[in-house]
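Encoded as structure tokens, the structure appears first; notes follow it.
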Ligand SMILES: Nc1ncnc2c1ncn2[C@@H]1O[C@H](COP(=O)(O)OP(=O)(O)OP(=O)(O)O)[C@@H](O)[C@H]1O
Ligand SMILES: [Mg+2]
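Protein chains in written order, with my numbering: chain A, 2 to 282; chain B, 47 to 306.
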């Protein structure tokens with residue numbers, strides 16, 4: 002791939018502390034084409050370019066099948082794009098690494114490990130001493146509201162509980178970038194709100210970069226600095242919207258805030274318009 | 047204990063007694079020399095187990111079986127797992143296994159005997175061959191079915207491909223692997239007896255066929271009971287161990303298929 006000249010010049014400049022935020026993830030003209038069983042090419046992602054600033058909370062919003070998960074997998078290094086490139090801190094992403102922590106839509110817990118065993122797995126792999134890792138893991142399990150379930154196996158948990166374990170398991174090894182694929186999709190409204198708040202608290206404390214896939218406009222606006230709207234067939238970026246709302250955000254205040262309401266309504270309108278246009282062939 | 051639980055407990059015993067009763071009646075009705083009654087056969091068991099020569103034979107059989115089974119499992123599990131995770135390895139070994147698969151392992155014995163003699167090595171090798179295929183097959187299927195995202199999670203935590211194979215694929219595929227081992231264990235017993243039928247020199251199969259030659263039919267049937275009991279016990283013990291190892295994967299209301 003050739004490098005975009007306009008961009009490359011930016012990277013010659015040394016990064017100084019005055020600069021408010023520097024790009025941590027750069028997705029440059031990424032396309033993903035899958036071979037379907039019918040031996041036809043299926044374009045899941047088409048020409049996606051996106052820069053994510055360090056410490057930013059970015060949501061990806063789009064209809065089912067528009068390639069949100071695929072994009073996340075490319076940043077995670079689990080899938081390599083058909084064309085284009087993805088970089089983290091200026092280095093090409095060639096594979097997974099502990100700097101990027103995924104929380105998968107399917108949880109992907111280790112079923113032979115207990116809740117504690119799952120959460121402690123990452124820190125132990127990273128060489129954290131057993132006692133310390135256990136203390137941290139227990140604290141995380143408590144934070145996601147699963148105190149008392151430490152010795153349960155995944156098969157003994159509900160869907161929402163599994164999702165919370167998956168979140169704790171990834172947070173446990175302190176990735177710099179969180180890649181979250183509809184992490185709250187399967188939760189009841191109450192737990193969902195609680196975990197959204199917890200996630201925001203963690204994020205405000207650690208300022209991790211978060212790439213967050215969701216179906217919910219409401220959730221995207223509430224959490225994010227930036228909402229990336231995608232459209233389907235082929236998956237493209239439609240619009241990137243900066244969410245200019247004060248932090249720390251409190252749900253109860255935000256729901257009454259006309260600016261918040263406007264963001265939600267505007268984004269929902271945009272999706273409605275594309276629905277009316279019908280599916281592109 | 048509730049009546050239902052009690053019934054579940056005694057059901058296997060009742061089934062055995064029922065089987066023996068049918069045998070007894072059939073034998074009394076047929077009045078055939080080569081078909082002793084159940085009581086005659088059972089009465090011959092202590093004679094066999096009390097005889098030092100027979101015990102040595104039976105133990106030799108068990109030793110070959112343990113060795114053949116053990117080596118087969120140690121080789122087949124890694125091979126099956128590698129095949130399940132790597133297209134290259136699978137492409138290489140698949141045709142090889144497909145050729146060996148339908149051949150009855152005992153049919154290879156004459157050739158192996160020609161090369162390696164009629165001793166322990168030949169018989170152990172045949173047992174090894176008999177056990178390998180189901181264990182490879184189930185390890186392969188188990189490894190293939192491991193959820194990709196689970197491996198990705200491991201990779202993100204920093205596990206190398208080799209570590210992922212040992213620490214994710216192996217435990218994730220364990221239920222399937224152990225199913226293969228259980229089949230392998232029964233096949234080990236079957237090939238053990240078959241091998242001793244062909245290369246008659248020592249072993250439980252040898253006792254059985256010598257007795258047949260000499261027309262000692264009660265001993266023949268007693269040996270069948272002994273071998274059968276060995277199979278049932280080994281299977282029951284293995285099932286206990288298996289259930290313990292994969293408790294995390296069993297559905298809550300499982301219906302065990304075992305004698306325990
Ligand atoms: N391994 C694959 N092989 C073939 N096609 C694939 C594969 N993975 C994804 N696709 C296709 O790519 C498109 C995008 O899939 P993806 O899972 O990224 O969508 P998504 O936006 O995450 O959807 P959802 O919101 O339902 O999770 C879909 O049309 C899907 O059929
Ligand atoms: Mg998805």
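Think of the CB as a built atom: it goes at the ideal place given N, C-alpha and C, for glycine as much as any other residue.
Flag residue 69 (chain A) as yes when its Cβ comes closer than 7 Å to any non-hydrogen atom of ligand 2, and as no otherwise. Numbered from 1 along the first chain, position 68 holds the residue referred to as residue 69 (chain A). True, at least one ligand heavy atom lies under 7 Å from that Cβ.
Reducing DSSP to helix, strand and coil, say where residue 115 (chain A) ends up. Reading the first chain from its first residue, position 114 is the one you call residue 115 (chain A). Residue 115 (chain A) falls in the coil class under three-state DSSP.
Identify whether residue 103 (chain A) lies in helix, strand or coil by the three-state DSSP scheme. Numbered from 1 along the first chain, position 102 holds the residue referred to as residue 103 (chain A). Here residue 103 (chain A) sits in strand by DSSP.
Do you know how far the Cα of residue 252 (chain A) is from the Cα of residue 222 (chain A)? Working through the first chain from its first residue, we reach residue 222 (chain A) at position 221. Working through the first chain from its first residue, we reach residue 252 (chain A) at position 251. So the alpha carbons of these two residues sit roughly 11 Å apart.
Host alpha helix (DSSP H) of residue 127 (chain A) (start-end): Position 126 of the first chain, counting from 1, holds the residue named residue 127 (chain A). First-last for residue 127 (chain A): undefined, no H or E at that position.
Check the Cβ-Cβ distances between residue 10 (chain A) and every residue of chain B, and say whether any is below 8 Å. Indexing the first chain from 1 puts residue 10 (chain A) at position 9. A caution first: residue 10 (chain A) carries a pLDDT of 39, below 50, which makes its placement in the model unreliable, though a value can still be read off. So, not an interface residue.
What are the residues of the segment 183-211 of chain B that lie near chain A, defined by any Cβ-Cβ distance shorter than 9 Å? 193, 194, 195, 196, 197, 198, 199, 200, 201, 202, 203, 204, 205 and 209
Give me, in chain order, the residues of the same chain whose beta-carbon lies closer than 7 Å to that of residue 233 (chain B); leave out the 5 immediate sequence neighbours on both sides. Numbered from 1 along the second chain, position 187 holds the residue referred to as residue 233 (chain B). Taken in chain order, the residues that qualify are 176, 177 and 180.
Grouping DSSP H, G and I as helix and E and B as strand, with all else coil, what is residue 13 (chain A)? Locating residue 13 (chain A) in the first chain gives position 12, counting from the first residue. With a pLDDT of 42 at residue 13 (chain A), under the threshold of 50, the modelled position of this residue cannot be trusted; read the value that follows with caution. DSSP places residue 13 (chain A) in helix when its eight states are reduced to three.
Of all the residues that make up the segment 116-130 of chain A, which are near chain B by a beta-carbon distance shorter than 8 Å? 122, 123, 126 and 127
Check distances from the C-beta atoms of the segment 99-114 of chain A to those of chain B and list, in chain order, the residues that come in under 7 Å. 99, 101, 102, 103, 105, 107, 109, 111, 112 and 113
Examine chain B for any beta-carbon lying closer than 8 Å to the beta-carbon of residue 97 (chain A), and answer yes or no. Residue mapping note: residue 97 (chain A) aligns to position 96 of the first chain, counting from 1. Yes, contact with chain B.
Exposed unless 16 or more other CB atoms sit within 10 angstroms - verdict on residue 262 (chain A): As a first step, residue 262 (chain A) must be located in the first chain, where it is residue number 261. By the neighbour-count rule (16 or more Cβ atoms within 10 Å), residue 262 (chain A) is not buried but exposed.
For chain B, find out if any of its Cβ atoms is closer than 8 Å to the Cβ of residue 58 (chain A); answer yes or no. In the first chain, residue 58 (chain A) corresponds to position 57, counting from 1. No, residue 58 (chain A) lies away from the interface with chain B (no Cβ there is under 8 Å from its Cβ).
Taking 8 Å as the threshold (C-beta atoms), are residue 63 (chain B) and residue 125 (chain B) in contact? If you number the second chain from 1, residue 125 (chain B) lands on position 79. If you number the second chain from 1, residue 63 (chain B) lands on position 17. Their beta carbons are not under 8 Å apart, which means residue 125 (chain B) does not touch residue 63 (chain B) by this criterion.
Consider the Cβ of residue 217 (chain B): report whether some Cβ of chain A lies at a distance smaller than 8 Å. Mapped onto the second chain, residue 217 (chain B) falls at position 171. So yes, residue 217 (chain B) belongs to the interface.
Top-ranked residue by Cα proximity to residue 234 (chain A), from A:29, A:34 and A:28: The residue you call residue 234 (chain A) lines up with position 233 of the first chain. Per the Cα distances, A:34.
For a quick check, are the C-beta atoms of residue 142 (chain A) and residue 168 (chain A) less than 8 Å apart? If you number the first chain from 1, residue 142 (chain A) lands on position 141. If you number the first chain from 1, residue 168 (chain A) lands on position 167. No, these two residues do not count as a Cβ contact at 8 Å.
Per-residue DSSP class, three states only, for residue 177 (chain A): Here residue 177 (chain A) corresponds to residue number 176 of the first chain, with the count starting at 1. Coil, per DSSP.
Between residue 33 (chain A) and ligand 2, is the CB less than 7 Å from at least one heavy atom? To locate residue 33 (chain A), count along the first chain from 1; it is residue 32. No, Cβ of residue 33 (chain A) sits at least 7 Å from all heavy atoms of ligand 2.
For residue 103 (chain B), count the other beta carbons within 10 Å of its own beta carbon; 16 or more makes it buried, fewer makes it exposed. Which is it? Indexing the second chain from 1 puts residue 103 (chain B) at position 57. Counting Cβ neighbours within 10 Å, residue 103 (chain B) comes out buried, since at least 16 surround it.
Taking only the alpha-carbon atoms, compute the straight-line gap between residue 26 (chain A) and residue 89 (chain A) and give it to the nearest angstrom. Working through the first chain from its first residue, we reach residue 26 (chain A) at position 25. Working through the first chain from its first residue, we reach residue 89 (chain A) at position 88. Taking the straight line from one Cα to the other gives about 5 Å.
What first and last residue would you give for the beta strand (DSSP E) that runs through residue 211 (chain A)? Here residue 211 (chain A) corresponds to residue number 210 of the first chain, with the count starting at 1. Looking at the DSSP string, the run of the beta strand (DSSP E) that includes residue 211 (chain A) is 210-215.
Roughly how far, in whole angstroms, is the beta-carbon of residue 165 (chain A) from the beta-carbon of residue 212 (chain A), given that I think they are within contact range, below 8 Å? On the first chain, position 164 is the one that residue 165 (chain A) refers to. On the first chain, position 211 is the one that residue 212 (chain A) refers to. Not quite, the Cβ-Cβ distance comes to about 19 Å (not below 8 Å), so this is no contact.
In its own chain, which residues sit with a C-beta less than 7 Å from the C-beta of residue 215 (chain B), not counting the 5 before and 5 after it? Sequence index remark: in the second chain, residue 215 (chain B) carries index 169 (1-based). Excluding positions up to five away in sequence, the list reads 127, 131, 189 and 192.
Quick one: using the 10 Å Cβ neighbour count with 16 as the cut-off for buried, is residue 39 (chain A) buried or exposed? Counting from 1 along the first chain, the entry for residue 39 (chain A) is found at position 38. When all chains shown are included, residue 39 (chain A) counts as exposed.
Under 9 Å from the C-beta of residue 261 (chain A): neighbouring residues of chain B: Position 260 of the first chain, counted from the start, is the residue given in the question as residue 261 (chain A). By Cβ distance, chain B contributes nothing, its closest Cβ being about 33 Å from residue 261 (chain A), past 9 Å.
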